[in-house]
Amino acid sequence: MRCPAVRRIVRGSPGTRDGSASSNSSSGCAQGARILRRRGEPGRDLRSPKNNGALGPEQGRAGRGRERGSGSGAVKRSPLIVLCAAVLIDMIGFGIILPLLPFYAESMGASPLEVTLLIGSYSATQLVAAPVWGRFSDRRGRRPLLVASLFASAVSYLIFGLADSLWLLFASRIAAGAAGGTVTLAQAYVADATTAEERARGLGWIGAASGLGVMLGPSIGGYFSAYGLGVPGFVAAGLCAANAVAAIVLLPEPPARPERDWRRGEAATLRGWLAAMTRFPLSVLLGVYFLSISSFTGMTAVLALYLERTFSVDAAAMGVVFTIAGGTTVVIRGLLLGPLVGRFGEAATARIGTIGLAVALGLIPLIPSVWWMGVVVPLWAFGTGTLFPSLASLTSRATDAGSQGSILGGSQVVGGLGRVLGPLWAGALFQHVGISTPFWAGLGCVAVATLLAWRIPQPAGATGDVGARGAAAGASD
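Sequential numbering of the sequence shown, starting at 0, is according to numbering that gives the first Met the number 0.
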């Protein structure tokens, strides 16, 4: 005769109301308690009347361990370290190639137009690929898709190193863009393996790793370019291949969640995905993201030219400015973001971030000397370091768990469009209207983003809560 604990598992029934086990053997009840503990339910050993339903020492340890490491708790430290390392190395590979690309292309006879098309081919391909990676990860799991993305990146960099013609160079950049799902997949993994309250902190670490990789990559690429313009491609390929092997060995698949059934997800079809991306509050979140990332990338695209013409700043000084900005962003995302979100929540933290970015943009045309960049740089680092991870966390919480990869991939599409269009409109304003105009235009865009951010509801707790609350808010508007 099985005890109520076992009957509850086998039959799916709640068991007796009072938990009586008078007809069960002591061994059966102990078995039921052990099964429930393995399943994450608070079973009790009915042989010990002193327990009276409370967790014993062994069960307490199991419960505390589950809170630290399961899908319902924070990401285990080791998987988060592996994820951050994967993103860091992937972005180092990206940064190694980027500054050398124009020179490599020119050595093969590329025109200036072909160089710009070569650079744009990566972003254009990634815009299409990012939601596809996210979609398949919803169906097949995060880990195998992350490994596949890293191996595909290694192949693209290998083609880059071996390229002896312009068409092969184009092929390498298109392949790299198609393989560029690492950040999307890492974000989806964190969304799977964290509580809603811990998500922004985990995504902040992913963002910090990404920023650090972009910061370190160019210097590494510059060093290895002394041995040949194709050599950095081989270095990047080796890093990505080693990264993929490390993910196979060290990174577990995040715990499966019953609700992560992609067939029932709201983004299970293209029509559902488009509907999800355009409904409140996702539409507002993506609007804030687009306006902010477009203004930020537009600012960084013309900042060196502005400071050079205004204060005669040289390339070395600009290197210092961007290094300080990158380092400050890493510190803010890694150390400050978690306490801020814990104190104010993601929605309020995102609003604070838009204000910081807006103030930085407004100060740049007003500073009387380049030394005032010591004030501007921490402000923009604080703004972007708090805003973008908070938006990513809110985006993941605004959909069901079975659609997080698809929706986060869609967010990367919006961000990619902002990164492409921002430098274009900023450069046009800089050249044809005035050198300070891009910063005022960026300030206007971020001001609109700040107003939109005040419409974002703070999630109550679980994934999907912000969507439910947003739908209710939208219905009342």
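Backbone N, C-alpha and C define an ideal beta-carbon position, used for all residues, glycine too.
Source: prediction; values computed, not measured.
Grab me the residues of residue i's own chain with a C-beta within less than 7 Å of its C-beta, minus the 5 sequence neighbours each way, in chain order.
{"i": "residue 446", "result": "357"}
{"i": "residue 148", "result": "132, 178, 180, 181, 184"}
{"i": "residue 327", "result": "376, 377, 380"}
{"i": "residue 228", "result": "99, 102, 103, 106"}
{"i": "residue 136", "result": "144, 184, 187, 404"}
{"i": "residue 350", "result": "449, 452, 453"}
{"i": "residue 506", "result": "The requested residue 506 is not part of the displayed model; the chain covers only 0 to 476."}
Smallest Cα separation from residue i: which of the options?
{"i": "residue 117", "options": "202, 139, 79, 176", "result": "176"}
{"i": "residue 155", "options": "182, 234, 394, 80", "result": "234"}
{"i": "residue 153", "options": "457, 93, 109, 211", "result": "93"}
{"i": "residue 276", "options": "420, 192, 363, 409", "result": "409"}
{"i": "residue 393", "options": "439, 419, 89, 344", "result": "344"}
{"i": "residue 371", "options": "320, 165, 329", "result": "320"}
{"i": "residue 322", "options": "307, 308, 342, 299", "result": "299"}
{"i": "residue 434", "options": "301, 420, 348, 312", "result": "301"}
{"i": "residue 420", "options": "278, 208, 297, 193", "result": "297"}
{"i": "residue 278", "options": "91, 249, 455", "result": "455"}
{"i": "residue 163", "options": "313, 230, 349, 79", "result": "230"}
{"i": "residue 385", "options": "415, 316, 332", "result": "332"}
{"i": "residue 221", "options": "97, 350, 238", "result": "97"}
{"i": "residue 249", "options": "452, 432, 79, 453", "result": "79"}
{"i": "residue 239", "options": "91, 423, 418, 166", "result": "91"}
{"i": "residue 89", "options": "373, 216, 312, 174", "result": "216"}
Below 8 Å CB to CB, which residues in the same chain sit around residue i once its five sequence neighbours on both sides are set aside?
{"i": "residue 257", "result": "Only weak support is given to the placement of residue 257: the predicted model assigns it a pLDDT of 48, under 50, and the question is left unresolved by the model."}
{"i": "residue 478", "result": "Here the chain has residues from 0 to 476 only, and residue 478 is not among them."}
{"i": "residue 245", "result": "81, 84, 85"}
{"i": "residue 247", "result": "146"}
{"i": "residue 110", "result": "none"}
{"i": "residue 415", "result": "122, 125, 126, 129"}
Can you give me the C-alpha to C-alpha distance between residue i and residue j, rounded to a whole angstrom?
{"i": "residue 129", "j": "residue 285", "result": "15 Å"}
{"i": "residue 134", "j": "residue 334", "result": "31 Å"}
{"i": "residue 241", "j": "residue 436", "result": "45 Å"}
{"i": "residue 387", "j": "residue 288", "result": "7 Å"}
{"i": "residue 81", "j": "residue 337", "result": "19 Å"}
{"i": "residue 236", "j": "residue 157", "result": "5 Å"}
{"i": "residue 146", "j": "residue 273", "result": "28 Å"}
{"i": "residue 259", "j": "residue 251", "result": "Note that residue 259 has pLDDT 46, beneath the 50 cutoff, so the model's placement of it is unreliable and the number below is only indicative. Those two C-alpha atoms are separated by around 17 Å."}
{"i": "residue 352", "j": "residue 377", "result": "12 Å"}
{"i": "residue 450", "j": "residue 362", "result": "20 Å"}
{"i": "residue 305", "j": "residue 425", "result": "11 Å"}
{"i": "residue 119", "j": "residue 100", "result": "12 Å"}
{"i": "residue 365", "j": "residue 303", "result": "16 Å"}
{"i": "residue 108", "j": "residue 159", "result": "16 Å"}
{"i": "residue 143", "j": "residue 307", "result": "47 Å"}
{"i": "residue 318", "j": "residue 208", "result": "19 Å"}
{"i": "residue 223", "j": "residue 329", "result": "25 Å"}
{"i": "residue 123", "j": "residue 114", "result": "14 Å"}
{"i": "residue 198", "j": "residue 342", "result": "14 Å"}
{"i": "residue 170", "j": "residue 413", "result": "24 Å"}
{"i": "residue 439", "j": "residue 360", "result": "7 Å"}
{"i": "residue 417", "j": "residue 423", "result": "10 Å"}
{"i": "residue 126", "j": "residue 383", "result": "21 Å"}
{"i": "residue 225", "j": "residue 166", "result": "24 Å"}
{"i": "residue 489", "j": "residue 193", "result": "Absent from the model: residue 489. The displayed extent of the chain is 0 to 476, so no value can be given."}
{"i": "residue 374", "j": "residue 367", "result": "12 Å"}
{"i": "residue 112", "j": "residue 432", "result": "23 Å"}
Give me, in chain order, the residues of the same chain whose beta-carbon lies closer than 6 Å to that of residue i; leave out the 5 immediate sequence neighbours on both sides.
{"i": "residue 294", "result": "441, 444, 445"}
{"i": "residue 67", "result": "For residue 67, the predicted model reports a pLDDT of 38, less than 50, meaning its position is unreliable; a value from the coordinates is still stated below. For residue 67, where only same-chain residues beyond five positions count, there are no Cβ hits under 6 Å."}
{"i": "residue 310", "result": "369"}
{"i": "residue 325", "result": "210, 214"}
{"i": "residue 219", "result": "95"}
{"i": "residue 243", "result": "146, 149, 150"}
{"i": "residue 232", "result": "156, 159, 160"}
{"i": "residue 270", "result": "none"}
{"i": "residue 355", "result": "378, 381, 382"}
{"i": "residue 411", "result": "129, 183"}
{"i": "residue 348", "result": "339, 340, 385, 389"}
Could you round the C-beta distance between residue i and residue j to whole angstroms and report it? I think they count as a contact, below 8 Å.
{"i": "residue 448", "j": "residue 291", "result": "5 Å"}
{"i": "residue 172", "j": "residue 121", "result": "5 Å"}
{"i": "residue 103", "j": "residue 168", "result": "7 Å"}
{"i": "residue 87", "j": "residue 211", "result": "6 Å"}
{"i": "residue 139", "j": "residue 191", "result": "Their Cβ separation, rounded to whole angstroms, is 13 Å, which puts residue 139 and residue 191 out of contact at 8 Å."}
{"i": "residue 346", "j": "residue 457", "result": "4 Å"}
Any heavy atom of the ligand NAP within a distance shorter than 7 Å of the CB on residue i?
{"i": "residue 173", "result": "Absent from the structure shown: the ligand NAP. Ligands present: none."}
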